[in-house]
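Peer 1:
Protein chains: 2
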Amino acid sequence: MSRIYNFNAGPAVLPLEVLQTAQAELIDFQNTGMSILESSHRAKAYEAIHEEAIASLRELLGISDDYAVLLLQGGASTQFSMVPMNLLLPGETADYTNSGAWASKAIKEAQKVGAVNVAANCGKDIPTRVPSPAELKLTPGAKYLHVTSNETISGAQWKTFPEVACPLVADMSSDILSRPFDMSKFGLVYAGAQKNLGPSGLTVVIVRKDLAAQAPENLPTMMRYATHIEENSLYNTPPCFSIYILALVLRWVKKQGRDALYRQNAEKAARLYAAIDGSEGWYRGTAVKEFRSDMNVTFRLPTEELEASFVSQATKAGFNGLKGHRSVGGIRASIYNAFPPQGVADLVAFMADFKKANG
Amino acid sequence: MSRIYNFNAGPAVLPLEVLQTAQAELIDFQNTGMSILESSHRAKAYEAIHEEAIASLRELLGISDDYAVLLLQGGASTQFSMVPMNLLLPGETADYTNSGAWASKAIKEAQKVGAVNVAANCGKDIPTRVPSPAELKLTPGAKYLHVTSNETISGAQWKTFPEVACPLVADMSSDILSRPFDMSKFGLVYAGAQKNLGPSGLTVVIVRKDLAAQAPENLPTMMRYATHIEENSLYNTPPCFSIYILALVLRWVKKQGRDALYRQNAEKAARLYAAIDGSEGWYRGTAVKEFRSDMNVTFRLPTEELEASFVSQATKAGFNGLKGHRSVGGIRASIYNAFPPQGVADLVAFMADFKKANG
Chain A
1 MSRIYNFNAG
11 PAVLPLEVLQ
21 TAQAELIDFQ
31 NTGMSILESS
41 HRAKAYEAIH
51 EEAIASLREL
61 LGISDDYAVL
71 LLQGGASTQF
81 SMVPMNLLLP
91 GETADYTNSG
101 AWASKAIKEA
111 QKVGAVNVAA
121 NCGKDIPTRV
131 PSPAELKLTP
141 GAKYLHVTSN
151 ETISGAQWKT
161 FPEVACPLVA
171 DMSSDILSRP
181 FDMSKFGLVY
191 AGAQKNLGPS
201 GLTVVIVRKD
211 LAAQAPENLP
221 TMMRYATHIE
231 ENSLYNTPPC
241 FSIYILALVL
251 RWVKKQGRDA
261 LYRQNAEKAA
271 RLYAAIDGSE
281 GWYRGTAVKE
291 FRSDMNVTFR
301 LPTEELEASF
311 VSQATKAGFN
321 GLKGHRSVGG
331 IRASIYNAFP
341 PQGVADLVAF
351 MADFKKANG
Chain C
360 MSRIYNFNAG
370 PAVLPLEVLQ
380 TAQAELIDFQ
390 NTGMSILESS
400 HRAKAYEAIH
410 EEAIASLREL
420 LGISDDYAVL
430 LLQGGASTQF
440 SMVPMNLLLP
450 GETADYTNSG
460 AWASKAIKEA
470 QKVGAVNVAA
480 NCGKDIPTRV
490 PSPAELKLTP
500 GAKYLHVTSN
510 ETISGAQWKT
520 FPEVACPLVA
530 DMSSDILSRP
540 FDMSKFGLVY
550 AGAQKNLGPS
560 GLTVVIVRKD
570 LAAQAPENLP
580 TMMRYATHIE
590 ENSLYNTPPC
600 FSIYILALVL
610 RWVKKQGRDA
620 LYRQNAEKAA
630 RLYAAIDGSE
640 GWYRGTAVKE
650 FRSDMNVTFR
660 LPTEELEASF
670 VSQATKAGFN
680 GLKGHRSVGG
690 IRASIYNAFP
700 PQGVADLVAF
710 MADFKKANG
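Here the protein sequences line up with chains A and C, keeping their order.
My numbering numbers the first residue of the first sequence as 1 and each following residue consecutively.
My numbering numbers the first residue of the second sequence as 360 and each following residue consecutively.
1. Are A/R300 and A/G329 touching if we call contact CB-CB under 9 Å?
2. Step through the CB atoms of chain A and report whether any lies within less than 9 Å of the CB of C/F439.
3. Can you tell me where the beta strand (DSSP E) holding A/G343 begins and where it ends?
4. Name the residues in the region 40-68 of chain A whose C-beta lies less than 7 Å from a C-beta of chain C; which are they?
5. For a minimum of 3 consecutive residues, which ranges assigned as the beta strand (DSSP E) are wholly contained in the region 164-206 of chain A?
6. Fully enclosed by the region 63-88 of chain A, which alpha helix (DSSP H) runs are 4 residues long or longer?
7. Would you tell me roughly how many angstroms separate the C-alpha atoms of C/P699 and C/G514, rounded to the nearest one?
8. Using Cβ-Cβ distances below 9 Å, what residues of the region 523-552 of chain C are close to chain A?
9. Taking A/V205 as the query, report the chain C residues whose CB atoms sit under 8 Å from its CB, ordered along the chain.
10. Excluding the 5 residues flanking A/H41 on each side, which residues of the same chain have their C-beta closer than 7 Å to its C-beta?
11. Would DSSP call A/V288 helix, strand or coil?
12. What is the rounded straight-line gap between the Cα of A/N358 and the Cα of A/V297?
13. Give the DSSP-derived three-state secondary structure of A/R326 in the structure shown.
14. Taking 9 Å as the CB-CB limit, is C/L429 close to chain A?
15. Helix, strand or coil for A/Q256 per DSSP?
16. What first and last residue would you give for the alpha helix (DSSP H) that runs through C/T674?
17. Do C/L430 and C/T562 have their beta-carbon atoms positioned less than 9 Å apart in this structure?
18. Going by C-alpha distance, which of A/A55, A/S309, A/F80 is nearest A/K108?
19. Which residues, in chain order, does the region 440-468 of chain C contribute to contact with chain A at a C-beta distance below 7 Å?
20. Relative to the alpha-carbon of A/Y336, which residue among A/P199, A/L306, A/A308, A/E38 has its alpha-carbon at the smallest distance?
21. For chain A, check one thing: does any of its Cβ atoms lie closer than 9 Å to the Cβ of C/K471?
22. With C-beta atoms as the reference, is A/H146 less than 9 Å away from A/V83?
23. In chain order, what residues of the same chain have a beta carbon less than 8 Å from the beta carbon of A/N6, not counting five sequence neighbours either side?
24. DSSP state of C/V656, grouped into three classes?
25. With a cut-off of 9 Å, does the C-beta of C/D387 fall near any C-beta of chain A?
26. Which residues of chain A have a Cβ atom closer than 9 Å to the Cβ of C/R362, listed in chain order?
27. What residues in its chain sit with their C-beta under 6 Å from that of A/A247, if we drop five residues either side in the sequence?
28. In chain order, what are the residue ranges of uninterrupted beta strand (DSSP E) at least 3 long that sit wholly in the region 447-517 of chain C?
29. Is C/I690 helix, strand or coil when you go by DSSP?
30. Taking only beta-carbon atoms, is C/F600 less than 9 Å away from chain A?
31. Give me the DSSP bridge partner(s) of A/P208.
32. Closer than 7 Å by C-beta to C/K648: which residues in its own chain qualify, once you throw out the five before and the five after it? Chain order, please.
33. For A/D353, count neighbouring Cβ atoms within 10 angstroms of its own Cβ and tell me buried if that reaches 16, exposed if not.
34. With distances taken Cα to Cα, identify the nearest neighbour of A/A142 among A/T93, A/G318, A/T315.
35. Return the residue from the list A/Q313, A/G100, A/E59 that minimises the CA-CA distance to A/A287.
36. For A/Y5, which three-state DSSP category applies?
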């Protein structure tokens with residue numbers, strides 16, 4: 001078996017030792033005589049995993065008791081609706097920033113629910129970027145300000161979050177647990193697990209309990225955060241296996257050292273951007289420099305033909321998933337927590353060789 | 360490793376060979392150089408699994424092209440809301456039957472959405488049962504009639520479905536693919552996967568396309584069946600690993616022979632009920648005989664102390680998960696498709712021994 005470099009944007013690469021542990025205990029989980037896939041969600045062995053995952057998230061992200069940590073289903077796309085259904089009440093306005101494809105979807109769903117002010121819109125700017133704090137047209141007394149902390153498709157990222165009077169709400173699907181942030185500024189953070197946290201089919205939501213408590217009583221039971229807070233995400237059967245993998249990934253993060261991993265992420269991205277910037281314009285980064293994503297490095301080549309050739313030759317050389325999102329084209333290298341630094345070094349070397357042969 | 364008999368109600372036992380296949384290819388999926396847990400949902404290798412799962416469901420359940428087969432998240436509990444949000448329009452009434460805990464939850468969520476007529480209510484009857492067709496008080500022109508085909512907690516099951524003018528809608532979470540049924544009588548069938556189909560975190564929905572097309576446009580995008588029909592359940596990232604296990608389970612069903620499996624299910628249940636009925640009243644079935652579930656066999660012992668002792672000794676003897684649901688007590692043996700006949704035979708022997716020692 002030769003393990004390839006997996007640059008996919010999500011689902012994405014997982015730590016090899018997480019996969020090895022999952023494989024070793026897949027048929028008999030901790031001498032229970034059954035697989036974790038077969039375990040009741042009310043069984044002690046599963047409950048320990050459930051509690052471990054939540055406790056590790058609290059520890060690694062610095063989450064206080066003012067917040068609930070929820071393990072839900074449906075992806076960020078479901079959160080686009082759940083956030084305003086629970087937090088945005090009649091008579092209130094929520095500010096949203098439009099930084100690209102994902103922010104735009106969040107806005108569209110919120111507009112079905114309540115009053116939305118688009119505080120800044122640079123969603124279609126080329127080069128791609130997120131808004132600068134100065135251009136935000138905020139609503140006085142807004143319930144919250146929604147940001148997409150990292151735009152997975154365009155490769156633009158909020159490097160610092162805006163200082164505002166209201167709580168921030170963030171879709172952190174593609175950069176949660178990749179760098180420090182101050183949870184106390186946020187009313188709610190949500191993230192699909194399939195980039196930095198684990199496999200698909202699991203959504204992590206961190207919500208301030210006092211905000212969740214304001215939700216209308218008549219929401220569908222499954223769409224109310226309060227339901228899941230009261231039942232510790234065990235109101236109905238949770239996605240147990242995905243939560244198990246999350247727990248293993250968080251063990252791995254602690255073993256690496258969270259802060260060391262954060263530094264490594266910055267270094268991996270810097271190395272790749274240096275290769276782009278050092279190519280005398282042959283490789284061109286697609287995001288404004290000050291908003292370049294450390295998770296999704298996006299760039300173009302001189303022609304679309306060269307891009308197709310680049311992807312094709314890279315795939316043969318063992319670099320998988322470098323084709324840009326179908327909506328924007330170009331190249332995208334997603335380098336989440338579990339992506340190894342050696343893979344970045346090897347890609348940089350491949351890029352130099354490719355330019356030499358085709359430049 | 361000694362594999363125990365897993366009588367849990369869900370998540371539940373999976374076929375051993377499914378687990379063995381998943382284990383063997385967990386790190387390198389079909390020579391892709393990555394785990395299926397890491398595969399992009401747009402990758403060819405995953406797409407083949409996705410298509411296989413849907414095609415196998417169509418084949419095994421006899422689903423025509425008039426229906427879409429959807430692979431969603433959120434469990435039956437989310438479907439309790441999605442069904443009326445999509446199907447029950449202003450001015451229309453839906454008939455619901457109350458046969459116990461799960462039907463009751465479906466009714467509660469539907470009442471938040473639209474006009475609901477409870478056509479029969481035997482949800483709190485002891486012994487437990489489902490309604491008989493004669494007692495249904497149907498609404499002329501009802502949009503649909505909702506049934507919970509098997510009440511997992513009480514162990515009561517619709518043995519034949521009522522003949523009505525409107526389409527049936529069924530929660531088949533705990534008995535889908537366990538016995539024949541005529542899909543053409545149904546407008547929609549939904550099922551959490553974690554009993555007969557696979558692991559938790561996946562919900563199968565089979566819906567008549569013309570009914571789904573009537574849904575209001577302004578629903579949350581993720582709550583609209585039409586969204587998932589148009590995108591073949593790839594509107595957002597699906598729960599890929601759970602779908603992979605579903606595909607493997609369906610391969611196993613085809614290898615066993617669907618009809619042979621159906622016969623085996625009836626035989627397993629008959630053997631267990633015969634042991635109960637042959638105990639001269641020492642073991643007492645909790646459901647009305649004509650509505651006894653073939654999936655969840657529920658019974659009581661002369662005292663709660665004996666029940667606790669039964670569960671405790673059974674657990675030591677390698678029979679796991681026999682304690683009845685916390686809301687009703689007693690004993691529950693869940694014997695889904697993947698539960699081996701030998702486990703039923705061994706439980707029957709254990710029951711005889713236990714009665715001899717304590718009777």
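By construction, the Cβ of each residue, glycine as well, lies at the ideal position given by its N, Cα and C atoms.
Peer 2: Concretely, from the data shown:
1. Against a cut-off of 9 Å, the Cβ pair of A/G329 and A/R300 comes out as a contact.
2. Yes, C/F439 lies at the interface with chain A (some Cβ there is under 9 Å from its Cβ).
3. No beta strand (DSSP E) holds A/G343; the alpha helix (DSSP H) holding it covers 341-358.
4. Residues of the region 40-68 of chain A with a C-beta atom less than 7 Å from some C-beta of chain C are S40, H41, listed in chain order.
5. Under the rule that a run must span 3 or more residues, the beta strand (DSSP E) segments found entirely inside the region 164-206 of chain A read 168-171, 186-192.
6. The DSSP assignment places 75-87 as complete runs of the alpha helix (DSSP H) inside the region 63-88 of chain A, in order along the chain (cut-off: 4 residues).
7. Between the alpha carbons of C/P699 and C/G514 lies a distance of about 19 Å.
8. Against chain A - using a Cβ distance shorter than 9 Å - the residues of the region 523-552 of chain C are G551.
9. Here the premise fails: no neighbours, minimum Cβ distance about 14 Å.
10. Excluding residues up to 5 positions away in sequence, L234, T237, P238, C240 lie with their Cβ nearer than 7 Å to the Cβ of A/H41 in the same chain.
11. Of the three classes helix, strand and coil, the one that applies to A/V288 here is coil, per DSSP.
12. Roughly 21 Å between the two C-alpha positions.
13. DSSP places A/R326 in coil when its eight states are reduced to three.
14. Between C/L429 and chain A, the shortest Cβ-Cβ separation is not below 9 Å.
15. Secondary structure of A/Q256 (DSSP, three-state): helix.
16. Following the DSSP letters along the chain, one finds C/T674 inside the alpha helix (DSSP H) bounded by residues 663-675.
17. Result yes, Cβ atoms of C/T562 and C/L430 sit closer than 9 Å.
18. Among A/A55, A/S309, A/F80, the Cα nearest to that of A/K108 is on A/F80.
19. When C-beta distances to chain A are compared with 7 Å, the residues of the region 440-468 of chain C below that value are S440, E468, in chain order.
20. Ranked by how close their Cα comes to the Cα of A/Y336, the residues A/P199, A/L306, A/A308, A/E38 have A/P199 in first place.
21. Interface flag for C/K471 against chain A is set, since a Cβ pair is found closer than 9 Å.
22. In this structure, A/H146 sits near A/V83, with a CB-CB distance shorter than 9 Å.
23. Only A12, V13, N320, G321, F339 meet the Cβ criterion.
24. C/V656: strand per DSSP, three-state reduction.
25. Chain A places a beta carbon closer than 9 Å to that of C/D387, counting this residue as a contact.
26. By Cβ distance, chain A contributes I27, D28, G33, M34.
27. Taken in chain order, the residues that qualify are I49, E52, A53.
28. Runs of the beta strand (DSSP E) spanning 3 or more residues and lying entirely within the region 447-517 of chain C occur at 452-457, 474-480, 504-507, in chain order.
29. C/I690: strand per DSSP, three-state reduction.
30. At least one C-beta of chain A is nearer than 9 Å to the C-beta of C/F600.
31. According to the sequence displayed, residue 208 of chain A carries Arg and not Pro. Answer is A/Y67, bridged to A/R208.
32. Once the five neighbours on either side are set aside, C/K648 has no close Cβ partner at all.
33. Taking a 10 Å sphere around the C-beta of A/D353, we find fewer than 16 other C-beta atoms and assign the residue as exposed.
34. Across the set A/T93, A/G318, A/T315, the C-alpha of A/T93 shows the shortest separation from the C-alpha of A/A142.
35. Comparing alpha-carbon positions, the option among A/Q313, A/G100, A/E59 lying closest to A/A287 turns out to be A/G100.
36. Assigned with DSSP and collapsed to three states, A/Y5 falls in strand.
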